[in-house]
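One structure is given below, encoded as structure tokens.
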Amino acid sequence: MTKTSLLLVLVACTGDTGPAGPGGLDPALSPIEKAYAGVGGKDALDTTRSFRISASGERLMTLEGYVPEDGAHPISTFTSVTTTDLDGRLRIDYARTIPLFGAMKQYSVILDGTRGAIEGVESVFGTPGGPLSSDRWAATRRQQRLLNPVLILHDIEDGVLDARDAGVALRDGQLRHRIEVADPAGPISLFVDRFSGEIVELATIENDYVAGDTPVEVHYQGWRTWDDGALKFPADVIIAVGGEPAHAERRDAIVTDGPVSDATFALPAGDYSHSEPDAARGARNGQFHESFAGLGVPLDGLQTFVEAQQLGNGVWHLRGGSHHSLVVEQANGVVVIEAPLYEARAQALYAWIKQNIPTKSVTHVVATHHHRDHVGALRTFVARGARIVVGAAARPYFARAFRAARTLEPDELSQSPRSAVFDVVAPNTTFVIADAARPVRVVAIESTHAADMLVAYVPSTKTVFVSDIYSPGLPPNPAGVVELKAGIAGLDVTQIAGGHGIVGPVPQ
53 MTKTSLLLVL VACTGDTGPA GPGGLDPALS PIEKAYAGVG GKDALDTTRS
103 FRISASGERL MTLEGYVPED GAHPISTFTS VTTTDLDGRL RIDYARTIPL
153 FGAMKQYSVI LDGTRGAIEG VESVFGTPGG PLSSDRWAAT RRQQRLLNPV
203 LILHDIEDGV LDARDAGVAL RDGQLRHRIE VADPAGPISL FVDRFSGEIV
253 ELATIENDYV AGDTPVEVHY QGWRTWDDGA LKFPADVIIA VGGEPAHAER
303 RDAIVTDGPV SDATFALPAG DYSHSEPDAA RGARNGQFHE SFAGLGVPLD
353 GLQTFVEAQQ LGNGVWHLRG GSHHSLVVEQ ANGVVVIEAP LYEARAQALY
403 AWIKQNIPTK SVTHVVATHH HRDHVGALRT FVARGARIVV GAAARPYFAR
453 AFRAARTLEP DELSQSPRSA VFDVVAPNTT FVIADAARPV RVVAIESTHA
503 ADMLVAYVPS TKTVFVSDIY SPGLPPNPAG VVELKAGIAG LDVTQIAGGH
553 GIVGPVPQ
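In our numbering, the protein residues as written are 53 to 560.
Structural data, given as structure tokens:
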């Protein structure tokens with residue numbers, strides 16, 4: 053330690069052992085007692101039964117840019133009114149603008165105990181609301197606890213959660229008390245100002261289907277009371293995932309213990325059920341659910357149903373949800389184009405292959421591009437020995453991701469580690485997975501969607517598989533159509549199989 057840094061530590065420590073510091077708190081208070089004081093005191097926690105927060109903000113997402121290393125990209129802006137009571141009920145009324153789809157959505161997310169629902173239409177594709185899956189229920193609940201740590205303190209004070217003094221930590225150049233909370237979804241650290249008792253930061257981890265264990269940090273600013281109540285809330289909250297901003301909101305008004313009727317939390321009619329394993333998974337992967345909901349494309353539940361459309365001898369389009377794959381049987385094994393979503397989808401694809409092509413293993417899997425919803429199942433293919441075919445721009449990122457720790461939600465690769473074997477497709481080149489009857493040509497095309505964009509061509513059925521830039525059966529993106537047609541010029545193609553959508557003719 054340098055003399056300067058030692059002096060800073062000594063100066064910082066002096067204020068914590070002498071008279072009350074700038075915040076006026078007794079320095080003899082324990083860190084958790086200071087945290088209670090920082091939100092207005094135990095009495096405020098005990099007596100406040102509900103609060104309503106009016107806010108505005110934006111949602112951002114990583115691994116959806118031109119190259120994997122791009123920072124977070126804004127995906128939507130919103131205004132929200134969040135009503136919470138301390139009996140386990142929650143309602144969030146959203147007005148969300150999603151520029152990518154030119155959509156403006158108004159809908160509500162409602163939780164009551166272990167049940168939840170969407171009221172209105174959240175999806176940009178018009179899917180009506182209804183009962184929430186248990187994973188989304190848990191993700192929503194966890195998100196609100198991250199945004200409002202008074203809920204965590206309330207559970208600590210009630211004995212629902214265990215917390216301990218974990219010493220001090222240097223955060224943003226300041227010494228902070230660190231309180232470690234044993235949260236079921238993953239350990240939480242609260243970093244508390246030693247003089248004011250304000251919670252300035254929260255740190256935890258979540259699972260990322262691509263990158264494994266991922267740090268989640270929440271930053272709070274502007275703690276104050278907002279009405280005649282004593283409970284304090286921050287004016288600004290930013291959630292960062294993997295060091296990149298994911299959610300930012302500014303509170304415009306907060307009312308504590310205002311009039312709240314049971315009708316506020318009334319759930320629409322529907323078939324409600326709750327699964328604890330699904331809820332636990334949702335809490336571990338909360339930012340995955342929040343991100344795609346923020347994009348207007350909620351990916352809740354597990355997509356494990358596989359519906360196969362045979363396109364010719366040994367070639368199938370495997371659908372069954374929002375994200376699709378192409379399977380090609382060759383003499384020496386099976387080629388899979390696209391490994392989307394998460395391990396459960398990979399396992400469903402493998403199960404279909406075992407049932408329908410029982411004597412052959414998967415030799416190659418092709419990643420059309422690096423966007424997170426299209427590559428979350430790749431780790432399972434690595435674990436089972438398939439070669440990974442990727443565009444050159446994505447290879448360094450995937451090499452790191454496949455080596456990443458995954459302890460919060462162990463998968464096959466973390467339990468049986470092995471090195472990934474890559475086949476890299478350079479820009480403007482073609483990589484051929486050879487076979488006498490059904491070769492697969494993987495073509496790197498120029499696209500504004502992703503630098504590593506690949507399409508797969510199967511000459512035996514004159515089929516091209518493509519993701520995102522064109523989706524048969526869905527409204528076309530004119531720029532994407534131009535890019536696709538330029539990339540496959542000269543190929544004898546009669547049908548397009550989509551990573552989304554259906555199988556259709558070449559777009560005109």
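Glycine included, C-beta positions come from ideal geometry on N, C-alpha and C.
Note that the structure is predicted; figures quoted are calculated from it, not measured.
- The bridge partners DSSP lists for Met156 are Thr149.
- With respect to Thr166, His326 sits close: the two C-beta atoms are nearer than 8 angstroms.
- With contact defined as three or more Cβ pairs closer than 8 angstroms, the segment 316 to 332 and the segment 161 to 177 are in contact.
- Secondary structure of Thr515 (DSSP, three-state): strand.
- Of all C-beta pairs linking the segment 391 to 406 to the segment 424 to 440, three or more are shorter than 8 angstroms, placing the two stretches in contact.
- Cβ contact annotation for Pro180 (same chain, cutoff 8 angstroms, sequence separation greater than five): Val173, in chain order.
- In the structure shown, the three-state DSSP call for Ala332 is helix.
- In the three-state reduction of the DSSP assignment, Ser108 falls in the strand class.
- Asn200 is classed as buried because its beta carbon has at least 16 other beta carbons within 10 Å across all chains shown.
- Three or more Cβ pairs closer than 8 angstroms define a contact, and the segment 264 to 282 falls short of that threshold against the segment 76 to 84.
- Here Pro311 is exposed: its Cβ has fewer than 16 other Cβ atoms, across all protein chains shown, within 10 Å.
- In the DSSP secondary-structure assignment, Leu227 is bridged to Leu222.
- Of the other Cβ atoms in all chains shown, fewer than 16 fall within 10 Å of the Cβ of Thr500; this residue is therefore exposed.
- Of Trp278, Asp425, Ala472 and Ile389, the smallest CA-CA separation from Gln339 is found for Asp425.
- Distance check between Thr308 and each of Leu543, Val494, Lys284 and Arg439 places Lys284 closest, using alpha-carbon atoms only.
- The straight-line gap separating the alpha-carbon atoms of Val262 and Ile389 is approximately 17 angstroms.
- Contact annotation: Leu254 and Leu198 have beta-carbon atoms nearer than 8 angstroms.
- In this model, Gln547 and His416 are separated by some 22 angstroms (Cα to Cα).
- Beyond the five residues adjoining it in sequence on each side, Gln362 comes within less than 7 angstroms, by CB distance, of Trp368 in the same chain, given in chain order.
- In the DSSP annotation of this structure, the continuous segment of the alpha helix (DSSP H) that includes His341 starts and ends at Gly338 to Gly346.
- Under the DSSP definition of a beta bridge, Leu506 partners with Ala496.
- Between Leu351 and Ser374, the CB-CB gap stays under 8 angstroms.
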